[in-house]
Amino acid sequence: MIILSYMSYEIYKKNICSNCGRIGHESKYCHEPITSYGIINIRIVDEIHEHVFLRERFSTLANTYYKIISKKYPSIKCYISNNINLIKNNQNFKLDNYMIPYDNDHHIHRFCFYKDKIMFQMVSRKFSLGYIEFMRGKYDISDVKSIINLFEQMTENEINNIRISDFDDILYDFINRKNEPKEIVLNRIYEGRYSIEYCEAKVKFNMLLKPSDDNNVPWGLNFYTKIKPRWKKPEWGFPKGRREKKTEENLVCACREFEEETGYKKDDYSILNKIEPIEEKLIGTNGINYKHIYYLALDNLNNDNKITEYDTFEIGDIRWFTYHEAMSHIRPYHHDKQRILTKVYLFILNYLIEYGNDFFN
Numbered sequence: 001m002i003i004l005s006y007m008s009y010e011i012y013k014k015n016i017c018s019n020c021g022r023i024g025h026e027s028k029y030c031h032e033p034i035t036s037y038g039i040i041n042i043r044i045v046d047e048i049h050e051h052v053f054l055r056e057r058f059s060t061l062a063n064t065y066y067k068i069i070s071k072k073y074p075s076i077k078c079y080i081s082n083n084i085n086l087i088k089n090n091q092n093f094k095l096d097n098y099m100i101p102y103d104n105d106h107h108i109h110r111f112c113f114y115k116d117k118i119m120f121q122m123v124s125r126k127f128s129l130g131y132i133e134f135m136r137g138k139y140d141i142s143d144v145k146s147i148i149n150l151f152e153q154m155t156e157n158e159i160n161n162i163r164i165s166d167f168d169d170i171l172y173d174f175i176n177r178k179n180e181p182k183e184i185v186l187n188r189i190y191e192g193r194y195s196i197e198y199c200e201a202k203v204k205f206n207m208l209l210k211p212s213d214d215n216n217v218p219w220g221l222n223f224y225t226k227i228k229p230r231w232k233k234p235e236w237g238f239p240k241g242r243r244e245k246k247t248e249e250n251l252v253c254a255c256r257e258f259e260e261e262t263g264y265k266k267d268d269y270s271i272l273n274k275i276e277p278i279e280e281k282l283i284g285t286n287g288i289n290y291k292h293i294y295y296l297a298l299d300n301l302n303n304d305n306k307i308t309e310y311d312t313f314e315i316g317d318i319r320w321f322t323y324h325e326a327m328s329h330i331r332p333y334h335h336d337k338q339r340i341l342t343k344v345y346l347f348i349l350n351y352l353i354e355y356g357n358d359f360f361n
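So for the sequence shown, the UniProt record's numbering puts the first residue at 1; every next one is plus one.
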């Protein structure tokens, strides 16, 4: 009986999709966009503690945590709030405020006071998406247009690195997380889970070193590394990531990725779990559909506190931005990211205008 139960559980686990979380298919057969989960962490810059009543209004009072251990970083113990399931009558707030109230002078005064006090925490990736796709070999070697697009997304330093280094040196720099010897790192990669992917990427790289019509490679690295990038630095966004295992809950995944990437601990932020998560949909430069699901959180740290223990392997920088600063750091083709940032901003701003502390009288 115990063996049967165990086998049933294993069959159940196998039929859970690690992408969409539904039962009945595996991720390689999933028709949903590639899905990631993350957190949009906000901070109210003030001296009268608006964050207190925001937390009380949009977060359940009951607050329990359970511990999970990250596979990527075993030293990190994430304490994830499970109070997302404690909302009574499922009365969630939706981020659907597009208009700012201007009913009276009082509202206008509050708008002027609060408009630049709502801050958003954003992260910059250490490597550009174009560089990551190139290093993983996610391109057709004969498709000149798509390769040019990848190089235009890179930074000057990344292009120069490709110009002067061989593939193994670049790969070592790309994946060396613990400053281990080069031979150990490369052996683990070429014999590990992603060995086929990186072996194919190396073959493509070497073919680009010696372009030939016989190999259907019209242009080589000597051509591509002369392309001028569109951007000086990797793009900015919100902390996010994919499920680490099939049974990982959406919110658990979002919190784990947020804590891994930012170095935050369980008491450093509060999930505003009465507000429904918001979705960002986009089509990547590789033509693949992606979906990012974000939960809102309220920062609990002191305004002067600087985060230094973040994931420096994946994250290049972490900063706080006003709404307008954040918009300027989002690349212009990411319309959906601009949309969700605006929806969050207007929702919080409207609430502060309507219900903020009455300090103008």
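Built from N, CA and C at the ideal position, the CB exists for glycine as well.
- Taking residue 38 as the centre and dropping the five residues before and after it, the same chain places the C-beta of 238, 239, 240, 241, 254, 257, 258, 292, 293, 294, 295 closer than 8 Å to its C-beta, in chain order.
- Linking residue 113 to residue 144 through their CA atoms gives a straight-line distance of about 51 Å.
- Assignment of alpha helix (DSSP H) within the region 90-130, counting only whole runs of 4 or more residues, yields 105-114 in chain order.
- Looking at the DSSP output, residue 317 sits in a beta bridge with 124.
- Shown here for residue 326: same chain residues with a beta carbon closer than 7 Å to its own, the five before and five after excluded, namely 120, 122, 341 in chain order.
- The alpha-carbon of residue 217 is positioned some 17 Å away from that of residue 163.
- In the three-state reduction of the DSSP assignment, residue 352 falls in the helix class.
- Annotated three-state conformation of residue 18 is coil, per DSSP.
- A residue is called buried when at least 16 other Cβ atoms come within 10 angstroms of its Cβ; residue 252 meets this threshold and is buried.
- Within its own chain, the residues whose Cβ lies closer than 6 Å to the Cβ of residue 130, once the five positions on either side in sequence are excluded, are 150, 153, 154, listed in chain order.
- Listed as beta-bridge partners of residue 43 by DSSP are 119.
- Nearest to residue 60 by alpha-carbon distance, out of 279, 181, 273, 313, is 273.
- According to the DSSP assignment, residue 200 belongs to no beta strand (DSSP E) but to the alpha helix (DSSP H) extending over 195-209.
- Around the CB of residue 199, fewer than 16 other CB atoms lie within 10 Å, so the residue is classed as exposed.
- At the C-beta level, residue 264 and residue 115 stay beyond 9 Å of one another.
- Collapsing the DSSP output to three states places residue 340 in a helix.
- If the five residues before and after residue 140 are omitted, its C-beta is found closer than 7 Å to the C-beta atoms of 146, all from its own chain and listed in chain order.
- In this structure, the beta-carbon distance from residue 172 to residue 185 falls below 9 Å.
- Ranked by Cα distance from residue 16, the first of 102, 300, 246 is 246.
- Comparing C-alpha distances from residue 267 to each of 289, 19, 298 shows the shortest one belongs to 298.
- Restricting attention to alpha helix (DSSP H) runs no shorter than 4 residues, the region 208-268 encloses them at 221-224, 250-262, ordered along the chain.
- Positions of the alpha helix (DSSP H) runs, each at least 4 residues long and wholly inside the region 151-189, are given as 156-164, 167-175 in order along the chain.
- Around the beta carbon of residue 181, a 10 Å sphere encloses fewer than 16 other beta carbons of the protein chains shown; the residue is thus reported as exposed.
- Annotation for residue 50: the continuous alpha helix (DSSP H) segment containing it runs 50-58.
- The criterion of a C-beta distance shorter than 9 Å is satisfied by residue 44 and residue 352.
- Shortest Cα-Cα distance from residue 337 to any of 314, 235, 287 involves 235.
- For residue 346, the three-state secondary structure derived from DSSP is helix.
- Taking the Cα positions, residue 148 is about 13 Å away from residue 138.
- Between the C-alpha atoms of residue 134 and residue 249 there is a straight-line separation of about 31 Å.
- Setting aside the 5 residues that flank it on each side, residue 204 is surrounded in the same chain by 137, 139, 141, each with a C-beta closer than 8 Å to its C-beta; the list follows chain order.
- Per DSSP, the beta-bridge partners of residue 281 are 291.
- Looking only at 156, 166, 167, 108, the smallest Cα-Cα distance to residue 128 is reached by 156.
- Contact annotation: residue 202 and residue 167 have beta-carbon atoms nearer than 9 Å.
- Between residue 55 and residue 270 the beta-carbon gap is near 5 Å, inside 8 Å, which marks them as a contact.
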